[in-house]
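Chemist:
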Amino acid sequence: RKTKLVIAGGPTEISRAYYNNLIDENVNNADIIFLNKVSHKQLQVIYKIANVQVVPSMLNEAFGLTVVEGMSAGIPMIVSNSGGIPEIVKDDCAIIVERKDIVKQIVDALNTIYENKGQICEKMTENGKKRVQVFSLDNFFC
Numbered sequence: 674r675k676t677k678l679v680i681a682g683g684p685t686e687i688s689r690a691y692y693n694n695l696i697d698e699n700v701n702n703a704d705i706i707f708l709n710k711v712s713h714k715q716l717q718v719i720y721k722i723a724n725v726q727v728v729p730s731m732l733n734e735a736f737g738l739t740v741v742e743g744m745s746a747g748i749p750m751i752v753s754n755s756g757g758i759p760e761i762v763k764d765d766c767a768i769i770v771e772r773k774d775i776v777k778q779i780v781d782a783l784n785t786i787y788e789n790k791g792q793i794c795e796k797m798t799e800n801g802k803k804r805v806q807v808f809s810l811d812n813f814f815c
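Each residue of the sequence shown is one higher than the one before, counting from 674 in the numbering used here.
1) Do V752 and V728 count as a contact pair if the criterion is CB distance below 8 Å?
2) Who are the Cβ neighbours of E771 in its own chain at under 8 Å, not counting the five residues just before and after it?
3) Using the Cβ count rule (16 or more neighbours within 10 Å means buried), how would you classify S730?
4) State buried or exposed for Q726, treating a residue as buried only when at least 16 other CB atoms are found within 10 Å of its CB.
5) Below 8 Å CB to CB, which residues in the same chain sit around T685 once its five sequence neighbours on both sides are set aside?
6) From the DSSP output, in three-state form, read off V727 for me.
7) If I follow the unbroken alpha helix (DSSP H) through L738, where does it start and stop?
8) Answer yes or no: do K773 and R804 have a C-beta to C-beta separation smaller than 8 Å?
9) Quick one: what's got a C-beta closer than 6 Å to A723's C-beta in the same chain, skipping five residues either side?
10) Residues in its own chain within less than 6 Å of V718 by CB, not counting five upstream and five downstream?
11) Tell me whether V718 sits in a helix, a strand or coil according to DSSP, three-state version.
12) Please work out which residues of its chain come closer than 7 Å, Cβ to Cβ, to M797, disregarding the five sequence neighbours upstream and downstream, and give them in chain order.
13) Can you check which of these residues, V807, K677 and N693, is closest to M744 by C-alpha distance?
14) When the Cα of E760 is compared with those of I705, A746 and G801, which residue comes out closest?
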């Protein structure tokens, strides 16, 4: 199977060395595209072409807006068990992976999605679109 990896967004201070090393190791790899920081307009295009969104956050974010955007776009998701992310997605909107051995867990989750594409993707998309309604502007400002 042919897969493209699109990495949108730049590194944090914590991940800068790892990110730069990743770029150096994959400079000639046409299957990995590094976009660095992207605009909201560019992000909408990425969401439209994406088959899966992976949010491998290693930080304890209080609220991951990227996760809500992915659910709103109807993208099957793989997210890390970090901060408030599991509370946003619940376990029926995404595959939640632990931070320990995260790369292996993401690969396993991608294989699970690939092997069960119809069932898992439809379920996550449907549940994610329902779940994202909890985070509407009306609910935020109540």
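Beta carbons: idealized from backbone N, C-alpha and C, even for Gly. Quick caveat, the model's predicted, so the values are computed rather than measured.
Modeler: Let me lay it out:
1) At a Cβ-Cβ threshold of 8 Å, V728 and V752 count as neighbours.
2) Excluding positions up to five away in sequence, the list reads S753, N754 and Q778.
3) It is buried - the Cβ of S730 has at least 16 other Cβ atoms within 10 Å.
4) Buried.
5) If we look at T685 and ignore the five residues flanking it on each side, its Cβ neighbours are L732.
6) Reduced to three states, the DSSP call for V727 is strand.
7) Unbroken alpha helix (DSSP H) run through L738: L738 to S745.
8) Taking 8 Å as the Cβ cut-off, K773 and R804 do not qualify as a contacting pair.
9) Closer than 6 Å at Cβ, skipping near neighbours: I748.
10) Around V718: no qualifying Cβ.
11) Here V718 carries a helix assignment [DSSP, helix/strand/coil].
12) In chain order, P749, M750, C766 and A767 place their CB closer than 7 Å to the CB of M797, counting only its own chain and leaving out the 5 sequence neighbours on each side.
13) Of the listed residues, the one whose Cα sits closest to M744 is V807.
14) Per the Cα distances, G801.
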